[in-house]
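K.L.:
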Amino acid sequence: MTSINRREFLGQSGSCAAYLAFAASAMPLAARRAWARTPSGLVRREPFGNLEKVADGVWAMISTPLNGDSTTVSNGGIIAGRNGVLAIEGFNKTAGAQWLAGQCRELTGRWPTHVALTHYHSDHANGLSGYVSDTEHPIVHATARTRELVIEKNKPSGAALTTINKAVGINPTAPSTIDLGGKIVRVVPRNGHTDSDVTLELDDPSIVFCGDLFWNAMFPNFVDAMPTKLNASVNALKRSKDTLYVPGHGPLGHPAEYDRYIAMLGEVETAAKKAHTAGTSAADAAAKFTLPSSLGDWALFNKVFYQRAFEAWYKELT
Ligand SMILES: [Zn+2]
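Using this note's numbering, you'd call the opening residue of the sequence shown number 3 and step up by one each time.
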């Protein structure tokens, strides 16, 4: 590890940002380039990410934090209907949310009327109050559990605390909808990456904003993961028809990339179960673990990331 030692790193909870900062230091140039490639639907390019039009009234914000700019860190997006505009994710900094809100206004003529958080992690939630101003007060949607975790783990204060406290509770047990007028967004409660995850889904065109239940080309952070639940959620949100999967981190995913992600999680599961049965420690097993080259490049630069995944499995298996 480079600038932060391992103990400090392991001590950090609730953030994918620190994790990504590490990955950045060791990511192969080719992988960085793939991540920051010029996408076909590019409408804005910023030092911290690309805003890509993916369908009429739908844009994906693909963050590129490996360049060192942590304004947004996580991916997110915009879904616009006749009567309202939904902004997805609160991002890492208020400047990130303010920027996306400004893009909403430029692209759709209105500030977000709704904001949705997929889970509590700071790189998805810390900038939330950037959507609020003296004149603008979008409805913030988050599960009660996510709201609780934001307050407990991220410890917001001032406007950040006020904003999350005003969040409207997403139904935690059944899918609900946000009707934007001509675009009905399905809000589906799930879990596995954290205790409470939410996906934002459109049926036509078929687009799923996956939050951190999907990482594309980057090994996921298992810091809060419950692997059996994660796998169940990952399988449940997969669609049989052609679908665009917007990951929480990494470039846009199509069915082939989503399947590759499922296969990658399967490799981790198999190896963790085998090592657990053999009585190998999670640290030793992780140190020996590699992903098959047939699964392509996965940004991962320290075995400690594997170790977290193995430890998450061991917690369930013990
Ligand atoms: Zn996360």
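The beta carbon of each residue, even a glycine, is placed where N, CA and C say it ideally should be.
#1: Using only CA atoms, which one of T120, E108, G86 and T115 lies nearest to N2?
#2: Look at the alpha carbon of A273 and the alpha carbon of A176, and state the distance between them as a whole number of angstroms.
#3: Buried or exposed: where does A280 fall if 16 or more other Cβ atoms within 10 Å of its Cβ makes it buried?
#4: From the DSSP secondary-structure annotation, give me the bridge partner or partners of R46.
#5: Less than 9 Å separating the beta-carbons of A161 and V142?
#6: Please say whether L88 and H123 have beta carbons closer to each other than 9 Å?
#7: Out of P207, T196 and V225, state which residue places its alpha-carbon closest to the alpha-carbon of V236.
#8: Where L204 and I172 are concerned, what is the direct C-alpha to C-alpha distance, given to the nearest angstrom?
#9: Can you name, in chain order, every residue of its own chain whose Cβ lies under 7 Å from the Cβ of P257, other than the five neighbours on each side?
#10: Can you give the Cα-Cα distance for K95 and G132, rounded to whole angstroms?
#11: Where DSSP assigns a beta bridge to F211, which residues make up the other side?
#12: Let's see if you can read the secondary structure: which residues bound the beta strand (DSSP E) around T65?
#13: Between the Cα of P174 and the Cα atoms of P191, D206, K168 and M266, which residue gives the shortest distance?
#14: What does a CB cutoff of less than 6 Å around L302 pick up in its chain, not counting 5 residues either side in sequence?
#15: Where does P191 fall in DSSP's three states?
#16: Taking T137 as the reference, which of P114, P253 and A234 has the closest Cα?
#17: Give the straight-line distance between the Cα atoms of I90 and A314, rounded to the nearest whole angstrom.
#18: To the nearest angstrom, report how far apart V248 and L202 are at their CA atoms.
#19: DSSP beta-bridge partners for H116?
#20: Which residues bound the beta strand (DSSP E) around S242?
#21: Can you tell me whether N223 sits near ligand 1, meaning its C-beta is under 8 Å from at least one heavy atom of the ligand?
#22: According to DSSP, which residues form a beta bridge with W300?
#23: Name the two residues that bound the continuous alpha helix (DSSP H) containing T165.
#24: Thinking C-alpha only, which one of A127, G98 and V45 is nearest E108?
#25: By how many angstroms is the C-alpha of T73 removed from the C-alpha of T66?
#26: Going by C-alpha distance, which of Q105, D71 and F312 is nearest G79?
#27: Give me the Cα-Cα distance between R9 and T164, rounded to the nearest whole angstrom.
P.N.:
Checking against the coordinates, here is how it stands:
#1: The structure shown does not extend to residue 2, since the chain is modelled only from 3 to 320, so the question has no answer here.
#2: 33 Å
#3: exposed
#4: L53
#5: no
#6: no
#7: T196
#8: 17 Å
#9: D244 and T245
#10: 8 Å
#11: L202 and V248
#12: Here residue 65 turns out to be Ser, not Thr, going by the sequence shown. Note, S65: beta strand (DSSP E), V60 to S65.
#13: P191
#14: F221
#15: strand
#16: P114
#17: 28 Å
#18: 10 Å
#19: L88 and I141
#20: No beta strand (DSSP E) holds S242; DSSP gives it neither H nor E.
#21: yes
#22: W300 pairs with nothing; no bridge assigned.
#23: G160 to N167
#24: V45
#25: 10 Å
#26: Q105
#27: Because R9 sits at a pLDDT of 39, beneath the cut-off of 50, its placement in the model cannot be relied upon, and the point is left open.
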